[in-house]
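Take a look at the structure set out below.
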Amino acid sequence: MKHAQLADLLRPEDFDGIVGQEHLFGERGVVRRMLAGGRITNMIFYGPPGTGKTTAAGVIARQSGMTFRRLNATSATLSDVKDVIKETQNIFGSNGLLLYLDEIQYFNRKQQQSLLEYMEDGRITLIASTTENPHFFVYNAILSRSSLFEFKPVGKEALRPVLLRALDYLNKETGLTKTVATEVADYVGHCARGDVRHSIVLFENAYHAADTEILREHVDAFDTSVGNFNDDTHYDLLSCLQKSIRGSDPDAAVFYLAKLLAAGELISVCRRLQVIASEDVGLAYPLAAVVTRACCESAKELGMPEARIPLANAAILLATSPKSNSADVAVTTATEYAEKGAGIDLPTHLQSPLFKGYKYPHDYENHYVAQEYLPHDLKGTVFYRPGPNKTEQAAAEYWKKIKK
Numbered sequence: 028m029k030h031a032q033l034a035d036l037l038r039p040e041d042f043d044g045i046v047g048q049e050h051l052f053g054e055r056g057v058v059r060r061m062l063a064g065g066r067i068t069n070m071i072f073y074g075p076p077g078t079g080k081t082t083a084a085g086v087i088a089r090q091s092g093m094t095f096r097r098l099n100a101t102s103a104t105l106s107d108v109k110d111v112i113k114e115t116q117n118i119f120g121s122n123g124l125l126l127y128l129d130e131i132q133y134f135n136r137k138q139q140q141s142l143l144e145y146m147e148d149g150r151i152t153l154i155a156s157t158t159e160n161p162h163f164f165v166y167n168a169i170l171s172r173s174s175l176f177e178f179k180p181v182g183k184e185a186l187r188p189v190l191l192r193a194l195d196y197l198n199k200e201t202g203l204t205k206t207v208a209t210e211v212a213d214y215v216g217h218c219a220r221g222d223v224r225h226s227i228v229l230f231e232n233a234y235h236a237a238d239t240e241i242l243r244e245h246v247d248a249f250d251t252s253v254g255n256f257n258d259d260t261h262y263d264l265l266s267c268l269q270k271s272i273r274g275s276d277p278d279a280a281v282f283y284l285a286k287l288l289a290a291g292e293l294i295s296v297c298r299r300l301q302v303i304a305s306e307d308v309g310l311a312y313p314l315a316a317v318v319t320r321a322c323c324e325s326a327k328e329l330g331m332p333e334a335r336i337p338l339a340n341a342a343i344l345l346a347t348s349p350k351s352n353s354a355d356v357a358v359t360t361a362t363e364y365a366e367k368g369a370g371i372d373l374p375t376h377l378q379s380p381l382f383k384g385y386k387y388p389h390d391y392e393n394h395y396v397a398q399e400y401l402p403h404d405l406k407g408t409v410f411y412r413p414g415p416n417k418t419e420q421a422a423a424e425y426w427k428k429i430k431k
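Now the structure itself:
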């Protein structure tokens, strides 16, 4: 226990010790009442890191008398799941096995599907957690067999008693009598951005840096801002990543990538990189979208910390690629026209069922024949203008020659 993390040493043993989730575990909390009524079901816990998901799973296992096993989807395999299932054959006189699967979003569809058989025949009760929207990242068949519960960021007032318990523990361990003012404890909670685990780590660092009283300056010395991001910070960093890539700065791009990954933003990074590949590199290097997609899928399958390598490949590739937003401009402009009601009078030769007067391009030389495709009220409108890059200019020159 000497090397155990303080957050683990202070981990609550019952629902009363879980802070900030009164809607789930308070006196009238839904999960607490459900267990009191003898009801235990498959559950999906979703919400920011450090808000009590793992702790709650352990408390549920203890109160239900179930055997508790934990796997992390960033490193676990199907073999690990099967090893847990084998244990169910040797569990006698217990109330079954509760499998807690952390970060379920890192299990692919096949891996998630493999859990269904064991959930349905009752060999395991599954509690899975995710920091992402479960409707996007958890297989529908698992969602339909589970109850979803949202964990919310923990406010600084709710964090205060946790930090005071940490202070008592550290004073007993060191034999000292250090103190902390309420406003400083609340400041730690503010810096941790709702993450209980991070607040304890930050507080412990500040404790050892202080002489007799923990001050704000001791907190500031260690705050790396890697707690739960608020929405502004989250989107600011993603914006910095995209603008750095758009500005062809690979050094800045890889820095913001690293900062986002340190905060657990792997899925958000993958989404944004794929947007960048089409929005900012686009038709100047069309294969960038394919390579970026492959890197993102590889990262999700690998999990952290290895995921940072294919994502760095993607970020640097995009930053050093030629740029074009011609497709984005074209579809944005076309959308504006469409939303204003343009394009009502469609060409007759494009309409089913007769397609009267339609010319089949493949019957003509170079697989091209001149005919009108835009609605009559948009005839002659130009949405797409080739960007000044080698790929698009080559395509433009080809069609200019053909269409003569």
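Read in order, the letters of the sequence shown correspond to residues 28 to 431 in my numbering. Using N, Cα and C, we set each Cβ at its ideal position, and we do this for glycine too. Computed from a prediction, not measured in an experiment: that's the story for all the values here.
Residue i versus the options, residue with shortest Cα-Cα distance
i    : options                   : result
Y425 : E54, E292, H394 and R335  : H394
R412 : K386, I71 and L310        : L310
V166 : F176, L242, D148 and I131 : Reading off the sequence shown, one finds Tyr at residue 166, where the question assumed Val. Of the listed residues, the one whose Cα sits closest to Y166 is I131.
D438 : I87, L105, A290 and I371  : Given that the chain is displayed from residue 28 to residue 431, the structure contains no residue 438 and the question cannot be resolved.
D307 : G274, V396, G330 and K80  : G274
C322 : L190, C267 and I336       : I336
L314 : M331, L344 and L287       : L344
H50  : S351, F176 and R192       : F176
G44  : D247, L191, T408 and K417 : L191
D404 : A369, F382, N198 and L381 : A369
L377 : H389, P402, A361 and E366 : P402
P374 : K367, K383 and E366       : K383
T78  : G202, F178 and V281       : F178
F134 : D148, N160, G123 and L105 : L105
P349 : Q301, P415 and Y400       : P415
A237 : Q269, T201, Y312 and H225 : T201
C267 : A233, I303, F230 and L242 : I303
G92  : T152, R55 and L98         : T152
V57  : T362, A326 and S174       : S174
D213 : L229, I371, D372 and K327 : L229
Residue i versus residue j: straight-line alpha-carbon distance, rounded
i    : j    : result
R150 : T94  : 11 Å
K427 : Q420 : 10 Å
L125 : A279 : 44 Å
R89  : A219 : 29 Å
S271 : P277 : 7 Å
T319 : S295 : 14 Å
R59  : F72  : 14 Å
T82  : P39  : 7 Å
A100 : S353 : 40 Å
K430 : A397 : 7 Å
F410 : D355 : 10 Å
E392 : V281 : 48 Å
V253 : V358 : Model confidence at V253 stands at a pLDDT of 48, short of 50, so the residue's coordinates are unreliable; what they give is reported in the following sentence. Whole-angstrom Cα-Cα distance: 37 Å.
Q138 : F163 : 16 Å
A168 : L62  : 24 Å
E54  : F249 : 36 Å
S305 : Y234 : 48 Å
A365 : E399 : 18 Å
Q301 : N160 : 19 Å
Burial state of residue i, where buried means 16 or more other Cβ atoms lie within 10 Å
i    : result
D41  : exposed
N69  : buried
P76  : buried
K406 : exposed
L36  : exposed
R136 : exposed
Y145 : buried
I67  : buried
K183 : buried
A103 : buried
E231 : buried
I87  : buried
V181 : buried
H225 : buried
Cβ distance (whole Å) where residue i is taken to contact residue j below 8 Å
i    : j    : result
A346 : L293 : Actually they do not touch by this definition, with Cβ atoms about 19 Å apart.
L338 : L284 : 6 Å
V215 : E240 : About 14 Å; that fails the 8 Å criterion.
A185 : G47  : 4 Å
A155 : L128 : 4 Å
V111 : L142 : About 10 Å separates the two Cβ atoms, so there is no contact after all.
L288 : M331 : 7 Å
I227 : A84  : At roughly 19 Å, the Cβ-Cβ gap does not stay under 8 Å, so I227 and A84 are not in contact.
V246 : V211 : 7 Å
T418 : Y312 : 7 Å
R299 : Q269 : 6 Å
Can you list, in chain order, the stretches of the alpha helix (DSSP H) that have 4 or more residues and sit fully within the region 322 to 385? 335 to 347 and 353 to 366
Quick check on the DSSP output: what are the complete alpha helix (DSSP H) runs of length 4 or more inside the region 279 to 323, in order along the chain? 293 to 303
If you scan the region 172 to 225 from start to end, which runs of the beta strand (DSSP E) of 3 or more residues do you find wholly inside it? Runs of the beta strand (DSSP E) spanning 3 or more residues and lying entirely within the region 172 to 225 occur at 174 to 177, in chain order.
Fully enclosed by the region 64 to 131, which alpha helix (DSSP H) runs are 4 residues long or longer? 80 to 91 and 105 to 114
Ignoring anything shorter than 3 residues, give me the beta strand (DSSP E) runs that lie fully in the region 124 to 168, in order along the chain. Within the region 124 to 168, the complete beta strand (DSSP E) runs of at least 3 residues are 124 to 129 and 151 to 157.
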